[in-house]
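A.B. asks: Here you go, one structure.
2 protein chains.
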Amino acid sequence: MKISTRGRYGLRFMLDLAEHAGEGYVPLREAAERQEISPKYLERILPVLVRAGFVEGVQGKGGGYRLVRDPASYTVGDVLRLTEGDLAPVACLALDAEPCRRASFCKTLPMWQRLETVLDDFFDGLTLEDLLEGEAAFKRHPPSS
Amino acid sequence: MKISTRGRYGLRFMLDLAEHAGEGYVPLREAAERQEISPKYLERILPVLVRAGFVEGVQGKGGGYRLVRDPASYTVGDVLRLTEGDLAPVACLALDAEPCRRASFCKTLPMWQRLETVLDDFFDGLTLEDLLEGEAAFKRHPPSS
DNA sequence: CACTAACCTACCGTTTCGGTAGGGATTAGG
DNA sequence: CCTAATCCCTACCGAAACGGTAGGTTAGTG
Numbered sequence: 012m013k014i015s016t017r018g019r020y021g022l023r024f025m026l027d028l029a030e031h032a033g034e035g036y037v038p039l040r041e042a043a044e045r046q047e048i049s050p051k052y053l054e055r056i057l058p059v060l061v062r063a064g065f066v067e068g069v070q071g072k073g074g075g076y077r078l079v080r081d082p083a084s085y086t087v088g089d090v091l092r093l094t095e096g097d098l099a100p101v102a103c104l105a106l107d108a109e110p111c112r113r114a115s116f117c118k119t120l121p122m123w124q125r126l127e128t129v130l131d132d133f134f135d136g137l138t139l140e141d142l143l144e145g146e147a148a149f150k151r152h153p154p155s156s
Numbered sequence: 012m013k014i015s016t017r018g019r020y021g022l023r024f025m026l027d028l029a030e031h032a033g034e035g036y037v038p039l040r041e042a043a044e045r046q047e048i049s050p051k052y053l054e055r056i057l058p059v060l061v062r063a064g065f066v067e068g069v070q071g072k073g074g075g076y077r078l079v080r081d082p083a084s085y086t087v088g089d090v091l092r093l094t095e096g097d098l099a100p101v102a103c104l105a106l107d108a109e110p111c112r113r114a115s116f117c118k119t120l121p122m123w124q125r126l127e128t129v130l131d132d133f134f135d136g137l138t139l140e141d142l143l144e145g146e147a148a149f150k151r152h153p154p155s156s
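Heads up: the sequence lines are chains W and C, in that order.
Counting in my numbering, the first sequence runs from 12 upward without gaps.
Counting in my numbering, the second sequence runs from 12 upward without gaps.
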């Protein structure tokens with residue numbers, strides 16, 4: 012029950028781009044240094060973000076990456092679903108899961124389904140811009156709501 | 012980001028005991044058959060539940076396992092923390108985590124902390140008895156609350 | 001005494017995780 | 001035109017976790 016480095020690094024990379032938006036293209040090496048991530052490893056996480064049209068990569072000297080849209084238009088859920096993969100909390104709810112015979116009477120399935128929507132709502136309710144604001148974003152969504 | 016079989020099987024075992032409470036001791040083999048879990052594998056998940064005093068195991072003929080307390084007194088969070096381990100969604104929030112240098116300025120840490128409380132609230136707000144009721148338990152805690 | 005069933009430990013094949021290595025292909029600047 | 005910078009792509013790799021198996025020992029029942 013852990014978010015792996017792929018999801019966390021991918022998200023931090025996107026945040027790094029958001030923090031340096033409007034400064035031209037950000038070389039992977041610089042982002043990796045700031046985020047203290049192995050450049051070669053980070054490099055392997057990015058293709059999925061490029062292919063999804065989330066970031067634009069420009070080759071050659073002076074190149075690098077930049078966000079395509081406004082930071083507020085990327086939800087954390089969007090980024091995690093790409094980099095981490097499926098956000099389903101159990102295997103039987105994964106997109107590629109084969110149907111489970113026990114589904115019709117499983118006492119735990121409703122809970123996992125409910126948890127999945129809780130997670131979706133949590134991650135889709137946060138944008139890169141929200142995270143840049145820091146803790147302030149969570150003050151607006153207090154635990155009691 | 013998946014709950015492993017240890018947590019899921021442990022929970023289903025506890026639910027199986029809850030469903031057969033008051034019928035004496037439930038042999039592991041019977042519970043494993045009903046839950047379609049490898050008996051030998053399930054056997055390896057149980058010691059932590061026994062040592063925590065969640066279930067009582069009795070050896071010899073006529074023996075087996077039974078819940079020690081009322082099903083309503085076990086939260087899903089209790090069971091999962093024992094069988095699955097830490098419920099922290101990222102490594103840096105785990106109990107045994109070494110302190111992260113980036114914590115003071117990490118843009119994602121507040122989100123993970125918030126998510127951890129969301130998960131704790133979710134799992135600690137459900138008991139074995141709630142799950143036995145099926146979907147009804149979730150009608151009482153609608154998505155909008 | 002025999003049988004049942006919990007208890008305990010070691011092993012094992014597969015997958016995932018986190019990372020490294022080594023090349024291309026492309027572009028800006030001298 | 002050459003070179004340095006930069007993205008892009010694929011293959012490999014050690015360690016750990018996952019999910020399960022095997023084979024015993026201990027304890028209680030009939």
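A virtual CB, placed ideally from N, CA and C, is assigned to each residue, including glycine.
Note that this is a predicted model, so its numbers are computed, not measured.
#1: Can you tell me the Cβ-Cβ gap for leucine 26 of chain W and valine 37 of chain W, rounded? I've got them flagged as a contact below 8 Å.
#2: Using the beta-carbon count (16 or more within 10 Å), is phenylalanine 65 of chain C buried or exposed?
#3: Say whether chain C places a C-beta atom closer than 9 Å to the C-beta of alanine 102 of chain W.
#4: For a cutoff of 9 Å on Cβ pairs, would you count glutamate 95 of chain W as touching chain C?
#5: Fully enclosed by the segment 32 to 110 of chain C, which alpha helix (DSSP H) runs are 4 residues long or longer?
#6: Applying a beta-carbon distance threshold of less than 7 Å, which residues of chain C neighbour proline 121 of chain W?
#7: Using a Cβ-Cβ distance under 9 Å, would arginine 19 of chain W count as near chain C?
#8: How would you call arginine 110 of chain C, buried or exposed, if buried means at least 16 neighbouring beta carbons within 10 angstroms?
#9: Counting C-beta neighbours from all protein chains within 10 Å, is the total for lysine 51 of chain C 16 or more, i.e. buried, or is it exposed?
#10: Would you mind giving the Cβ-Cβ distance between leucine 91 of chain C and glycine 18 of chain C, rounded to the nearest angstrom? I have them listed as a contact below 8 Å.
#11: On a Cα-Cα basis, can you pick out the residue from C/Pro82, C/Val59, C/Ala99, C/Pro100 that is closest to leucine 93 of chain C?
#12: Against leucine 126 of chain W, what residues of chain C qualify as contacts under a CB-to-CB distance less than 7 Å, listed in chain order?
#13: First and last residue of the alpha helix (DSSP H) that includes threonine 16 of chain C?
#14: So, are the CB atoms of alanine 99 of chain C and methionine 122 of chain W less than 9 Å apart?
#15: Return the CA-CA distance between threonine 119 of chain W and leucine 22 of chain C, expressed in angstroms with no decimal places.
#16: Buried or exposed: where does arginine 125 of chain W fall if 16 or more other Cβ atoms within 10 Å of its Cβ makes it buried?
C.D. replies: On the basis of the data shown:
#1: Actually they are not in contact, since the Cβ atoms of leucine 26 of chain W and valine 37 of chain W sit about 11 Å apart, beyond 8 Å.
#2: buried
#3: yes
#4: yes
#5: 39 to 46, 50 to 56, 58 to 62, 87 to 94
#6: Gly145, Glu146, Phe149
#7: yes
#8: According to the sequence as given, residue 110 of chain C is proline; it is not arginine. That one is exposed.
#9: exposed
#10: 5 Å
#11: C/Val59
#12: Phe133
#13: 16 to 30
#14: no
#15: 8 Å
#16: buried
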